[in-house]
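Residue numbers (my numbering), protein chains in the order written: chain F, 142 to 590; chain P, 1085 to 1225.
Here the structure comes first, spelled out in structure tokens, and everything after it is commentary.
Below, the structure is given as structure tokens:
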């Protein structure tokens, strides 16, 4: 009795041979190639069925040319590589390669003759198992991506991208952890659990639910953005935007970047230009600011992510106000213009009302958090150049004279500084910024602007 | 077992969400099933999402994705069952939408849908909104 192994993922998927996926109206976006087939734990990947039990509606695909096979060969699942056209032999048309993506979904109710067997076969590989409630089904045992490897259905939890993230891979979104063995090119995005990039984030966008490690740093255009839910580690950072809920560690310099750090910020090089918002300790080993006086701002004493949210709401409010003004002016020109502008006016007005409510709520949350400003401090064993601006909670100061080996903290609602930057009897924990000044560390003067 | 259904609406955004008028409903595969400006699509999914209706779900979702669309809202308030395969389909759809620079929002997931997303620990992969006010800001101008 013949059996049919029905697949619920694309068995012919080949990440080395991708083409942009066509949308419903025939348009194509070159930034998305469907690089990975995400699966979740418990997802059915394949099901073995008696051919006679397959309901009506299933039809046979065009059968390939018959090949003589032995009985043993007939029972072995055909490796994908055997049936997949090699790049050298492919006719190179987009239509021929489109079969692997769009046509799979359209043809899920057609039997693929490659997967008809005389005896039951269960090609379950790593991280796959039989469904305890239905043993004829192969299910994924964890979240990951699914593919055929050496004739077995395999689920892998870690996605290794052994190339740059560019037009050859497209944007990538994965349920698990990602390691990129190349760069992330400008205009491309990467999203995963924990993300490690061995190359450079060069103008791309990286989002991680956990931490991010960029071994060659982050560089580039203002579009370079890293959003992480956990601790982030970069080798260096230049003209980028880093948003992390955990700690941020930069092994080299941080130049002209905007940092929003929910935990502590540690920079082993220099902090030059840009703004740094943190909710704990800020430690800069070599230098803050520079001789030319580029504006460098350090802000502590509140949750930077709440501050960022407020900033975004303010920008949204400005944008909607401008649109409201534009459409109001347009509506004044005549009845036809008024009719055309009416839905835009209504939408802008409603959005502004919602934004105002959100701003009130966000501001209440922001100001409540500022009461915890006392535990924050800036520690700089190196130099602090004139022109650096430091704010802790509501207190603000601008450095006038060059200082070395210094720390700044809040003292009686004003910013005070002391020497040395690090004392042996500091009770100091970088992860939460909790620290207590040493009794022996002198707390000097008020650094007034 | 609740039959699977997928309806896409044409019309003003909030009128669509509040209206129960059958005349306003169209078939899911209608090519211009979207708001008047064709930039936002609201799609109401209802019934059981099991392995058997996976091809229908995939084809229906693919039909929503056009070059003009900037926002796709999937209303899951009437979903009675969401199997892991359907969740996997939604994740890959989210990757497809986000990879093309568009936005996908899951709106008012039912308790069954929310429970499945939480059990699989992937709820944070989606943008989930519960009220119309939250959706309002997402609407393209």
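Cβ atoms here follow ideal geometry from the backbone N, Cα and C, with glycine treated the same way.
Chain F beta carbons: is any one of them nearer than 9 angstroms to that of residue i?
i	result
residue 1182(P)	yes
residue 1146(P)	yes
residue 1151(P)	yes
residue 1093(P)	The pLDDT assigned to residue 1093(P) is 45, lower than 50, so where the model puts this residue is not dependable; a value taken from the coordinates is nonetheless given after this. No, residue 1093(P) does not count as interfacial toward chain F.
residue 1129(P)	no
residue 1217(P)	yes
residue 1225(P)	yes
residue 1156(P)	no
residue 1109(P)	Because residue 1109(P) sits at a pLDDT of 44, beneath the cut-off of 50, its placement in the model cannot be relied upon, and the point is left open.
residue 1213(P)	no
Going by other Cβ atoms of all chains shown within 10 Å of its Cβ, with 16 needed for buried, is residue i buried or exposed?
i	result
residue 335(F)	buried
residue 411(F)	buried
residue 425(F)	buried
residue 419(F)	buried
residue 432(F)	exposed
residue 428(F)	buried
residue 153(F)	buried
residue 476(F)	exposed
residue 253(F)	buried
residue 541(F)	exposed
residue 324(F)	buried
residue 474(F)	exposed
residue 592(F)	Any answer about residue 592(F) is impossible in this case: the structure gives chain F only from 142 up to 590.
residue 167(F)	exposed
residue 150(F)	buried
residue 1294(P)	With chain P running from 1085 to 1225 in the structure shown, residue 1294(P) is simply not present.
residue 264(F)	buried
residue 261(F)	exposed
Using a Cβ-Cβ cut-off of 9 angstroms, state whether residue i counts as contacting chain P.
i	result
residue 352(F)	no
residue 265(F)	no
residue 306(F)	no
residue 355(F)	no
residue 485(F)	yes
residue 201(F)	Because residue 201(F) sits at a pLDDT of 49, beneath the cut-off of 50, its placement in the model cannot be relied upon, and the following sentence gives the value as read from the coordinates. It does not; no Cβ of chain P falls within 9 angstroms.
residue 496(F)	yes
residue 330(F)	yes
residue 481(F)	no
residue 338(F)	no
residue 477(F)	no
residue 204(F)	With a pLDDT of only 41 at residue 204(F), under 50, the local geometry of the prediction cannot be trusted, and no value is derived from it.
residue 446(F)	no
residue 281(F)	yes
residue 389(F)	no
Along chain P, which residues have their Cβ under 9 angstroms away from the Cβ of residue i?
i	result
residue 320(F)	What residue 320(F) touches in chain P: nothing, since even the nearest Cβ is about 18 angstroms away.
residue 314(F)	1175, 1176, 1178, 1179, 1180, 1182, 1183, 1209
residue 464(F)	1225
residue 449(F)	In chain order: nothing, as chain P lies at least about 16 angstroms away.
residue 375(F)	Within chain P, no residue comes near residue 375(F); the closest Cβ sits about 23 angstroms away, beyond 9 angstroms.
residue 189(F)	Simply none; closest approach about 14 angstroms.
residue 441(F)	Here the premise fails: no neighbours, minimum Cβ distance about 28 angstroms.
For residue i, go through chain P and note every residue whose CB falls closer than 7 angstroms to its CB, in chain order.
i	result
residue 491(F)	1220
residue 311(F)	1183
residue 184(F)	1168, 1169, 1172
residue 300(F)	Ordered by position in chain P, no residue passes the 7 angstroms Cβ test against residue 300(F), which lies about 12 angstroms from the chain.
residue 406(F)	Near residue 406(F) there are no residues of chain P at all, since even the closest Cβ is about 24 angstroms away, more than 7 angstroms.
When every heavy atom of the ligand ATP is checked, does at least one fall within less than 8 angstroms of the C-beta of residue i?
i	result
residue 355(F)	Annotation note on the ligand ATP: not contained in the displayed structure, which lists no ligands.
What does residue i reach in chain F if we use C-beta pairs closer than 8 angstroms?
i	result
residue 1206(P)	181, 284, 316
Against chain C: residues of the region 1170-1196 of chain P by CB proximity under 8 angstroms
Here chain C cannot be found, since the structure's protein chains are F and P.
Are there three or more Cβ pairs, one per stretch, closer than 8 angstroms when the region 518-528 of chain F is compared with the region 498-505 of chain F?
Judged by Cβ distances under 8 angstroms, the region 518-528 of chain F makes no contact with the region 498-505 of chain F, as fewer than three pairs qualify.
Tell me whether the region 362-372 of chain F and the region 412-426 of chain F touch, counting them as touching only if at least three CB pairs, one residue from each stretch, are closer than 8 angstroms.
no
Where the region 144-178 of chain F meets chain P: residues whose CB sits under 9 angstroms from a CB there:
149, 150, 162, 164, 165, 166, 167, 168, 169, 170, 172, 173, 174, 175, 176, 177, 178
Taking one C-beta from the region 263-282 of chain F and one from the region 300-308 of chain F each time, how about it: are there three or more such pairs within less than 8 angstroms?
no
Determine contact between the region 432-446 of chain F and the region 523-537 of chain F, defined as no fewer than three beta-carbon pairs at a distance below 8 angstroms.
yes
What residues from the region 1131-1144 of chain P come within 8 angstroms of chain F, judged by C-beta to C-beta, listed N to C?
Answer set for the region 1131-1144 of chain P: 1135, 1138, 1139, 1142, 1143.
Would the region 282-297 of chain F count as touching the region 172-189 of chain F if we require 3 or more Cβ pairs under 8 angstroms?
yes
Spell out a yes or no on whether the region 1149-1169 of chain P and the region 1195-1209 of chain P are touching, meaning 3 or more CB-CB pairs, one atom from each, closer than 8 angstroms.
yes
With three or more beta-carbon pairs closer than 8 angstroms as the criterion, would you say the region 465-472 of chain F touches the region 481-497 of chain F?
yes
Tell me, please, whether the region 550-562 of chain F touches the region 452-467 of chain F by the rule of three or more beta-carbon pairs shorter than 8 angstroms.
no
At least 3 beta-carbon pairs within less than 8 angstroms: the region 183-191 of chain F vs the region 1181-1193 of chain P:
By the criterion of at least three beta-carbon pairs nearer than 8 angstroms, the region 183-191 of chain F is not in contact with the region 1181-1193 of chain P.
Assess, as a yes-or-no matter, whether the region 349-365 of chain F is touched by the region 1216-1224 of chain P under the definition of 3 or more beta carbon pairs within less than 8 angstroms.
no
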